[in-house]
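The sequence shown runs 694 to 827 under the working numbering.
Note that beta-carbon positions come from the ideal geometry of N, C-alpha and C, so glycine has one too.
In this text the structure is predicted, and so the values were computed from the model without any measurement.
The structure under discussion appears below in the form of structure tokens.
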Amino acid sequence: MAVFEGNFTQTESLRLAIVIGRFNDLITSKLLEGCQDCLKRHGIDPDPQGTQVDYVWVPGSFEIPLVAHQLALTRRYDAIICLGAVIKGQTPHFDYVSAEVSKGIAATAFQTGVPVIFGVLTTDTMQQALERAG
């Protein structure tokens, strides 16, 4: 059986965008820190003042797919990373938001051909989100 894995040997020329939801920023800030650490370990400079990574903050997770789609259409980025947190409350709002965010991010990748990484936590409680955010 063949094994296919990514190769991060030529990272100097990679251009990435990270779209981060501000809502539940206690969680999304931890997700962003983990993302930046991972990028560094793979030879990508996550410095906001640098040339490899652009950061876009949006109000919440629901806005992530639209912004990711617009960024993908520019053809400026090799990949887009989406970070957010949707935590279940007492209403069906969680179901609508988490479903639409998931579908929107997937649709962006399919429609544009740009890899879009799904880093949106969907949890029942804040505690679960904290445990999963790192």
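Are residue i and residue j close, meaning C-beta to C-beta below 9 Å?
i, j, result
"L764", "V749", "yes"
"Y770", "V807", "yes"
"T818", "K781", "yes"
"V813", "S791", "yes"
"T815", "V779", "yes"
"L732", "P739", "yes"
Among the options, which residue has its Cα nearest to the Cα of residue i?
i, options, result
"L823", "D718, F697, T702 and E698", "D718"
"A826", "T767, L707, H786 and E726", "E726"
Mark residue i as exposed unless 16 or more other C-beta atoms lie within 10 angstroms of its C-beta, in which case mark it buried.
i, result
"H762", "buried"
"L649", "Here the chain covers residues 694 to 827 and nothing more, so residue 649 does not appear."
"A695", "exposed"
Problem set entry | Segments of 3+ residues assigned as beta strand (DSSP E) that fall wholly inside the segment 734-764 | 746-751
Exercise. Is the segment 751-759 touching the segment 768-777 in the sense that three or more CB pairs, one from each, lie closer than 8 Å?
Worked result: yes
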